[in-house]
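Working notes, structure below.
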Amino acid sequence: MSIFQNARFFTTVNHLKDLPPTRCEVAFVGRSNAGKSSAINTLCNRTRLAYVSKTPGRTQHINFFDLGQERFLVDLPGYGYAEVPEAIRVHWVALLGQYLQTRDSIVGLLLIMDSRHPLKELDWKMIEFFTVTQRPVHILLSKADKLSRQEQQKVLSSVKKQLADYPNITLQLFSSSKKTGTEEVAGIVEGWFAACPMPQEEQFDDIDETFPD
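Residue numbers (my numbering): 13 to 225.
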């Protein structure tokens with residue numbers, strides 16, 4: 013069973029000061045209209061778990077989805093939508109950057125890019141924000157079904173070449189509409205969570221303690 017299968021909505025926050033305490037979480041970020049919400053719904057095998065807005069770039073909330081065992085998927089606001097006022101866009105980028113650099117419980121970043129328009133300026137900014145933490149990034153080149161197989165391989169090769177200096181970054185093709193690439197994403201995320209420290213009480217469950225008389 014996929015790690016995303018039992019995902020359920022947990023909470024939404026508007027400010028970093030309101031972030032809930034978590035053991036480990038995977039952050040999900042991408043440009044507005046890159047297919048982020050659709051990807052979350054596809055991975056979790058739901059139709060409306062993550063809201064697919066008809067007005068990209070309007071959502072400013074950070075949404076938490078509980079995956080069980082104190083593991084969470086965190087849906088961050090989309091960035092880069094042209095019709096958002098510049099002051100709001102700058103605020104969003106700063107908010108995302110602060111979260112990605114200071115949130116200790118993040119074990120990995122899933123970065124969504126439209127496969128037809130990868131590695132835009134703000135995509136690079138998100139990469140720069142997060143790679144300083146030395147935690148892994150996995151890029152989903154979304155909407156891959158809109159490209160021919162030849163175009164898919166060309167994009168994949170080009171993005172890999174541009175990211176050659178970032179050893180902590182992996183990437184794949186992904187399509188929400190065709191549901192292709194979901195197993196690969198699940199495997200990546202399961203590996204990240206496997207390396208996450210267990211809660212203190214669980215660490216000692218198997219220890220047979222003896223005490224002197």
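We put the beta carbon where it would ideally sit given N, CA and C, even for glycine.
- Spatial neighbours of residue 37 in its own chain (CB-CB distance under 8 angstroms, excluding positions within 5 residues in sequence) are listed in chain order as 76, 83, 84, 85, 86, 115, 117, 118, 119.
- Shown here, residue 91 sits in a strand according to DSSP, grouped into three states.
- Looking only at 172, 196, 26, the smallest Cα-Cα distance to residue 131 is reached by 172.
- Of 81, 125, 157, the smallest CA-CA separation from residue 46 is found for 125.
- The distance from the Cβ of residue 103 to that of residue 26 is about 12 angstroms, inconsistent with a contact at the 8 angstroms cut-off.
- Looking from the CA of residue 188, the closest CA among 167, 49, 44 belongs to 49.
- With respect to the 8 angstroms criterion, residue 90 and residue 134 are not classified as neighbours on the basis of their beta carbons.
- DSSP lists 38 as the beta-bridge partner residues of residue 120.
- The three-state reading of DSSP puts residue 31 in coil, since its state is none of H, G, I, E or B.
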